[in-house]
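Here is the structure we will look at.
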Amino acid sequence: MIGVTISRWTMSYFAAALASLVAALVLMASGYGFPSDPIRAPETLVVVHLVAIGWLSLLMCGALFQFVPVLVAYPIHSNALPLPALVCLAGGLAALILGFRQLAAPVGPEIPYLALAAVSLVAGFALVLWNLGRTLWAARPLPLPARFVVVGLAGIAATAGFGAIFALVLGGATANPHLVEAAAAGLPIHAVAGIGGWLTFTAMGVSYRLLAMFMLAPEHDRAGTGAVFYLGAASLAVVVLGGVAAICAGRTLTIVLSVAAVLGLAALGLYGRDMIHLYRVRRRRAIELNSRMAGVALANLAAAVALTLALLGAGAFDRHVGAVVFLAAFGWLSGLGLAKLYKIVAFLTWLESYGPVLGKAATPRVQDLVVERRAARWFLLYFVAVAGGTVALLADAPLAFRGLAGVMATATSGIVVELLRIRRLADVAVALRLPDGVHRPLLLVSRARQA
Amino acid sequence: MTEAAAATLAERVEDALRLVIDPEIGYNIVDLGLVYDVAVEADGAARITMTTTTRGCPATDMLRAGVRIRAQGVAGVRDVAIELTYDPPWTPRMMSAEAKAFLGVADAEDD
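Chains B and R are the protein sequences, given in the same order.
Read in order, the letters of the first sequence are residues 540 to 990 in this note's numbering.
Read in order, the letters of the second sequence are residues 116 to 226 in this note's numbering.
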């Protein structure tokens with residue numbers, strides 16, 4: 540079906556996501572959480588969830604509400620559900636942060652923040668799953684990139700499920716022995732399903748389509764792409780289903796995680812080969828900043844895999860797992876997210892502002908909304924700081940890490956300013972900026988108008 | 116209207132469509148090869164067959180609306196029918212030489 544529309548609340552998700560990212564980076568720069576605090580300390584949990592839920596998950600949800608319909612050429616099931624989902628997710632995140640602070644320093648009224656967080660976050664992700672799930676179900680048979688999203692959605696279901704158990708047990712809302720056992724052993728499942736399944740696998744699927752679109756690369760399904768999907772899905776199934784079975788049987792997760800790691804690394808290897816192929820066969824020789832920066836993010840993913848293998852080989856993975864997660868979260872996922880935001884915000888702003896007057900007046904191009912040379916400096920600064928931050932973590936240099944986190948916060952703020960300028964049409968030539976019938980878009984909400 | 120006059124009118128409609136750009140690629144849809152056919156009947160009814168660079172493109176409805184507005188604005192055109200098709204799917208090979216040169220798009224064997 541034709542007629543995919545602009546997602547009204549996607550910009551709101553992006554704004555909340557960016558605010559969370561900047562807040563997390565400022566906290567890291569101020570010495571809050573790892574590495575200044577232990578990796579499992581409540582302070583670290585605040586920062587981790589600010590990044591995982593506040594930044595990456597809200598970014599992913601906002602992007603999926605707009606691009607799942609593009610992936611499957613079918614309209615979104617509901618344009619009304621994203622707002623209550625956002626309220627639940629943001630409220631749940633706030634309660635989660637307050638709950639972690641309560642764990643760190645139990646003062647103030649005894650409000651069951653963690654239990655409230657569990658309820659609110661599960662409700663928020665359930666609304667997201669329902670909306671995207673109904674859209675995907677209605678659009679069957681699904682193209683391969685959309686099937687990656689389906690597995691990613693299963694990943695967030697598992698992540699949120701385990702997260703709710705942790706919150707209820709940590710907050711003292713339940714003492715059920717099975718749930719306590721799951722909370723004690725389930726952290727690797729929660730983390731892998733979230734970072735590997737929900738965030739990475741979904742990003743991989745969407746990247747096949749978006750990078751091909753933006754670089755004019757042929758979208759032929761390669762034999763290896765199917766293998767990426769099946770190996771990755773199998774890896775996540777082993778982690779979640781095998782992990783739950785192991786916990787129920789009272790076994791450790793070592794074998795389950797080892798098998799999943801082999802499958803996952805094979806999937807990532809083939810994915811890397813596909814991405815190199817995509818960049819090589821692109822028709823657009825001079826690619827835009829977003830595609831160049833996505834390439835840097837992909838290189839960071841490769842570096843995270845290489846670092847994992849090197850640390851495993853050296854028997855030092857457990858000691859440096861924080862550096863690996865940092866590189867994956869900020870070099871790969873956040874780098875890709877910021878790069879694609881730079882394109883998506885410009886594209887959606889163009890559609891909202893100039894789409895309705897297409898054919899009635901001369902309109903600028905999407906590229907006329909951005910100034911790549913200026914933004915490129917912020918992206919460069921960001922990626923250099925991420926590389927430095929990874930080295931600082933490996934070298935156990937927390938002060939240097941804090942300084943580099945400050946640089947990341949500065950670079951991210953610079954990118955945010957560029958996004959605000961796009962939204963305000965500030966860089967469009969005056970002669971083309973506001974033809975009759977065009978109004979500056981609102982910052983946080985899209986107004987879809989009929990032509 | 117004679118066949119020759121209809122053909123001339125079709126050319127004028129195609130020229131008019133050059134004001135409509137694909138926002139992502141930033142070039143007019145005619146030279147991008149997104150307009151597969153423009154035909155005008157003797158009674159002035161125009162039939163335009165077009166596509167988008169990718170199925171499910173969020174700009175699809177806006178592109179169709181822009182095409183309709185531009186075609187309807189051509190003197191002599193009485194009615195406009197737009198058919199959106201993905202058969203064949205668009206590839207960069209369908210661009211005009213000028214568009215390829217402007218956008219730095221390379222030809223390849225496996226399109």
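Glycine included, every Cβ here is placed at the ideal spot set by N, Cα and C.
Alpha carbon to alpha carbon, what distance is there between residue j and residue i?
{"i": "L134/R", "j": "A885/B", "result": "21 Å"}
{"i": "R960/B", "j": "A157/R", "result": "50 Å"}
{"i": "D146/R", "j": "V220/R", "result": "13 Å"}
{"i": "A934/B", "j": "H859/B", "result": "9 Å"}
{"i": "I230/R", "j": "M210/R", "result": "Residue coverage of chain R in this structure runs from 116 to 226, which leaves residue 230/R outside it and unanswerable."}
{"i": "A950/B", "j": "R963/B", "result": "20 Å"}
{"i": "Y151/R", "j": "T200/R", "result": "9 Å"}
{"i": "D222/R", "j": "V661/B", "result": "49 Å"}
{"i": "V689/B", "j": "G782/B", "result": "20 Å"}
{"i": "F922/B", "j": "A602/B", "result": "22 Å"}
{"i": "D225/R", "j": "L755/B", "result": "Unreliable positioning characterises D225/R in this predicted model, as indicated by a pLDDT of 48, which lies under 50. The coordinate reading is nonetheless provided below. So the alpha carbons of these two residues sit roughly 13 Å apart."}
{"i": "M540/B", "j": "L584/B", "result": "With a pLDDT of only 44 at M540/B, under 50, the local geometry of the prediction cannot be trusted, and no value is derived from it."}
{"i": "G928/B", "j": "A862/B", "result": "8 Å"}
{"i": "R640/B", "j": "W594/B", "result": "19 Å"}
{"i": "D130/R", "j": "A685/B", "result": "38 Å"}
{"i": "I728/B", "j": "E649/B", "result": "30 Å"}
{"i": "Q989/B", "j": "P608/B", "result": "Annotation note: pLDDT 43 at Q989/B (below 50); position unreliable, coordinate value reported separately. If I take the Cα positions, the gap works out to 19 Å."}
{"i": "P173/R", "j": "W676/B", "result": "20 Å"}
{"i": "A838/B", "j": "A554/B", "result": "27 Å"}
{"i": "V909/B", "j": "L848/B", "result": "39 Å"}
{"i": "T741/B", "j": "F768/B", "result": "11 Å"}
{"i": "P716/B", "j": "T166/R", "result": "59 Å"}
{"i": "E198/R", "j": "T168/R", "result": "15 Å"}
{"i": "P974/B", "j": "Y142/R", "result": "19 Å"}
{"i": "A766/B", "j": "V905/B", "result": "35 Å"}
Give me the Cβ distance between residue i and residue j, rounded to the nearest whole Å; I'm assuming they're in contact under 8 Å.
{"i": "V611/B", "j": "T674/B", "result": "7 Å"}
{"i": "L817/B", "j": "A878/B", "result": "With 8 Å as the limit, L817/B and A878/B do not qualify as a contact, their Cβ atoms being about 15 Å apart."}
{"i": "V896/B", "j": "T888/B", "result": "At roughly 14 Å, the Cβ-Cβ gap does not stay under 8 Å, so V896/B and T888/B are not in contact."}
{"i": "A692/B", "j": "L726/B", "result": "The sequence given here places Leu at residue 692/B; Ala does not occur at that position. Wrong, their Cβ atoms sit about 21 Å apart, outside the cutoff."}
{"i": "C627/B", "j": "G672/B", "result": "Contact flag wrong, Cβ pair sits at about 16 Å."}
{"i": "V719/B", "j": "A799/B", "result": "Not really, about 24 Å apart at Cβ, beyond 8 Å."}
{"i": "M947/B", "j": "V930/B", "result": "Contact flag wrong, Cβ pair sits at about 14 Å."}
{"i": "A836/B", "j": "L875/B", "result": "4 Å"}
{"i": "V182/R", "j": "R127/R", "result": "Not quite, the Cβ-Cβ distance comes to about 14 Å (not below 8 Å), so this is no contact."}
{"i": "A805/B", "j": "L770/B", "result": "5 Å"}
{"i": "W871/B", "j": "L920/B", "result": "18 Å between Cβ atoms; not a contact."}
{"i": "A562/B", "j": "L597/B", "result": "Not really, about 12 Å apart at Cβ, beyond 8 Å."}
{"i": "F940/B", "j": "P574/B", "result": "6 Å"}
{"i": "A842/B", "j": "L866/B", "result": "6 Å"}
Please name the residue in the options whose C-alpha comes closest to that of residue i.
{"i": "L589/B", "options": "G763/B, P757/B, A629/B", "result": "A629/B"}
{"i": "E911/B", "options": "A799/B, V956/B, R761/B, V778/B", "result": "V956/B"}
{"i": "V778/B", "options": "E758/B, A766/B, L802/B, V767/B", "result": "L802/B"}
{"i": "P623/B", "options": "A868/B, G782/B, W548/B", "result": "W548/B"}
{"i": "L566/B", "options": "V967/B, G945/B, R979/B", "result": "G945/B"}
{"i": "F701/B", "options": "G953/B, I786/B, I794/B, A555/B", "result": "I786/B"}
{"i": "T764/B", "options": "A706/B, V977/B, Y747/B, L828/B", "result": "Y747/B"}
{"i": "R812/B", "options": "S797/B, L796/B, G834/B, T793/B", "result": "G834/B"}
{"i": "T164/R", "options": "C172/R, V195/R, P138/R, I140/R", "result": "V195/R"}
{"i": "L982/B", "options": "T544/B, I545/B, S551/B", "result": "S551/B"}
{"i": "T206/R", "options": "R170/R, G191/R, A180/R", "result": "R170/R"}
{"i": "M177/R", "options": "F705/B, P680/B, G898/B, E758/B", "result": "G898/B"}
{"i": "A654/B", "options": "A644/B, N618/B, I695/B, L709/B", "result": "L709/B"}
{"i": "F606/B", "options": "S985/B, T544/B, A936/B", "result": "T544/B"}
{"i": "A161/R", "options": "E139/R, L124/R, A216/R", "result": "L124/R"}
{"i": "V795/B", "options": "V820/B, L890/B, A724/B, R819/B", "result": "A724/B"}
{"i": "F869/B", "options": "A766/B, S985/B, M832/B, S569/B", "result": "M832/B"}
Can residue i and residue j be called in contact, C-beta distance under 8 Å?
{"i": "L632/B", "j": "Y652/B", "result": "no"}
{"i": "T698/B", "j": "W737/B", "result": "yes"}
{"i": "L560/B", "j": "S873/B", "result": "yes"}
{"i": "L807/B", "j": "V844/B", "result": "yes"}
{"i": "A722/B", "j": "L828/B", "result": "no"}
{"i": "V115/R", "j": "G148/R", "result": "No answer is possible for residue 115/R: it lies beyond the span of chain R, which begins at 116 and ends at 226."}
{"i": "F687/B", "j": "G733/B", "result": "no"}
{"i": "A212/R", "j": "L132/R", "result": "no"}
{"i": "P621/B", "j": "S546/B", "result": "yes"}
{"i": "A706/B", "j": "A643/B", "result": "no"}
{"i": "S659/B", "j": "A634/B", "result": "yes"}
{"i": "V155/R", "j": "A121/R", "result": "yes"}
{"i": "P980/B", "j": "R986/B", "result": "yes"}
Taking only heavy atoms of the ligand MG into account, decide whether any of them is closer than 7 Å to the Cβ of residue i.
{"i": "A714/B", "result": "Here there are no bound small molecules, and the ligand MG is not part of this structure."}
If you scan the region 812-883 of chain B from start to end, which runs of the alpha helix (DSSP H) of 4 or more residues do you find wholly inside it?
828-852, 856-865
Runs of 4 residues minimum, wholly inside the region 699-741 of chain B: which ones carry the alpha helix (DSSP H) assignment?
The region 699-741 of chain B contains these whole alpha helix (DSSP H) runs: 716-724, 726-730.
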